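Okay, structure first, notes after.
Residue numbers (the working numbering): 264 to 478.
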């Protein structure tokens, strides 16, 4: 067992999230570009990267990205909807499971595999169900269908210490309003990367997000 593998899921998530609470959602990325794009994001300061499973050859991309990752990085899959996918992500070297929904079975499988689990929620009912199932954090999705006021209301009742990550429509200019309302982190999708985006463009946009986070 390597030093990176020996780190618990909760400790891995805590360290990566504290370093940079931005989650790069690389939907549609191909294995032949994952190392260049992943390297640009890591150089910009990103510590959490996910490859959605509806991307081309996602497990190969996760394998390649995981080979680049040190113990301070958190690499894994998004759009995980089935229990059996959790094991495949682990076999590819991933340590992160992100879902668009709240499925207690997927959460439990992730926890049993000592993987970080960030299920999607949109209501307090879903949020508490995810927490009780063992989620390490919550993906508030789709954020563009709500307002920052919803985050503020949910944070008032959710247990302290459970990060709430706003995902959907986040730009460097809109992040501030969600942060002011209580969002602990942000998931960045097509505004950061979409199929056809050059590595240089990803690097430039990543720098804008990191600068906005510091502001």
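Glycine included, C-beta positions come from ideal geometry on N, C-alpha and C. The structure presented is a predicted model; accordingly, all values stated were derived computationally and were not measured.
Practice item. Please report the Cβ distance between residue 316 and residue 343, rounded to the nearest whole angstrom; I am assuming they are in contact, meaning their Cβ atoms lie under 8 angstroms. Key: With a Cβ gap of about 6 angstroms, residue 316 and residue 343 count as contacting.
Practice item. Just confirm the distance between the C-beta atoms of residue 333 and residue 361, as a whole number of angstroms; I'd bet it's less than 8 angstroms. Key: Rounded, the Cβ-Cβ distance is 20 angstroms, inconsistent with contact.
Practice item. Counting only the same chain and skipping the five closest in sequence on each side, list residues whose C-beta sits under 8 angstroms from that of residue 394. Key: Closer than 8 angstroms at the Cβ level, and outside the excluded window around residue 394, lie 401, 421, 422 and 425.
Check your understanding: Excluding the five sequence neighbours on either side, which residues of its own chain have a C-beta within less than 6 angstroms of the C-beta of residue 475, listed in chain order?
Key -> Around residue 475: 435 and 438.
**Study point:** Neighbourhood of residue 417 by C-beta distance below 7 angstroms, restricted to the same chain and skipping five residues each side
**Key:** Cβ within range, chain order: 387, 390 and 427.
Check your understanding: Are the CB atoms of residue 446 and residue 303 nearer to each other than 9 angstroms?
Key -> 9 angstroms or more divides the Cβ of residue 446 from the Cβ of residue 303.
Practice item. Starting from residue 449, trace the beta strand (DSSP E) both ways and give me its first and last residue. Key: In the DSSP assignment, residue 449 falls within the beta strand (DSSP E) that extends over 448-451.
Point to revise | When 307, 471, 295 and 349 are compared against residue 328, the one with the closest alpha-carbon | key: The residue among 307, 471, 295 and 349 with its C-alpha nearest the C-alpha of residue 328 is 295.
Review point. Start and end of the beta strand (DSSP E) containing residue 402?
Key: Looking at the DSSP string, the run of the beta strand (DSSP E) that includes residue 402 is 401-403.
**Study point:** Local conformation of residue 323 per DSSP, three classes
**Key:** DSSP places residue 323 within a helical segment (H, G or I) once states are collapsed to three.
Practice item. Since I believe residue 452 is in contact with residue 352 (beta carbons under 8 angstroms), could you give me their beta-carbon distance rounded to a whole number of angstroms? Key: Incorrect: roughly 19 angstroms between the Cβ atoms, too far for contact.
Exercise for review: Kindly provide the ranges of any beta strand (DSSP E) runs that are 3 or more residues long and lie completely inside the segment 338-375, ordered along the chain.
Suggested key: As for any beta strand (DSSP E) of minimum length 3 sitting wholly inside the segment 338-375, the runs are 359-361, ordered along the chain.
Check your understanding: In its own chain, which residues sit with a C-beta less than 7 angstroms from the C-beta of residue 282, not counting the 5 before and 5 after it?
Key -> Only 310 and 335 meet the Cβ criterion.
Review point. What's the C-alpha gap between residue 355 and residue 370?
Key: Within the model, the alpha-carbon separation for residue 355 versus residue 370 is close to 18 angstroms.
Practice item. Below 7 angstroms CB to CB, which residues in the same chain sit around residue 308 once its five sequence neighbours on both sides are set aside? Key: Excluding sequence positions up to five before and after residue 308, its CB lies within less than 7 angstroms of the CB of 283 and 473, all in the same chain and listed in chain order.
Check your understanding: With burial defined as no fewer than 16 other Cβ atoms inside 10 Å of the residue's Cβ, what is the status of residue 306: buried or exposed?
Key -> So residue 306 counts as exposed.
Check your understanding: Is the distance from the Cβ of residue 383 to the Cβ of residue 403 below 9 angstroms?
Key -> Yes; because the gap between Cβ atoms is below 9 angstroms, this pair is in contact.
Review point. CB residue 292 to CB residue 300, shorter than 9 angstroms?
Key: Contact: yes.
Review point. Bridge partners of residue 384, per DSSP?
Key: Residue 384 is bridged to 403.
Review point. If we ignore side chains and look at the alpha-carbon of each, how far apart do residue 461 and residue 325 end up?
Key: Computed Cα separation, rounded: 19 angstroms.
Practice item. Pick out the complete alpha helix (DSSP H) segments inside the segment 426-465, 4 residues or longer, and give them in chain order. Key: Entirely contained in the segment 426-465, the alpha helix (DSSP H) runs reaching 4 residues are, in chain order, 438-444.
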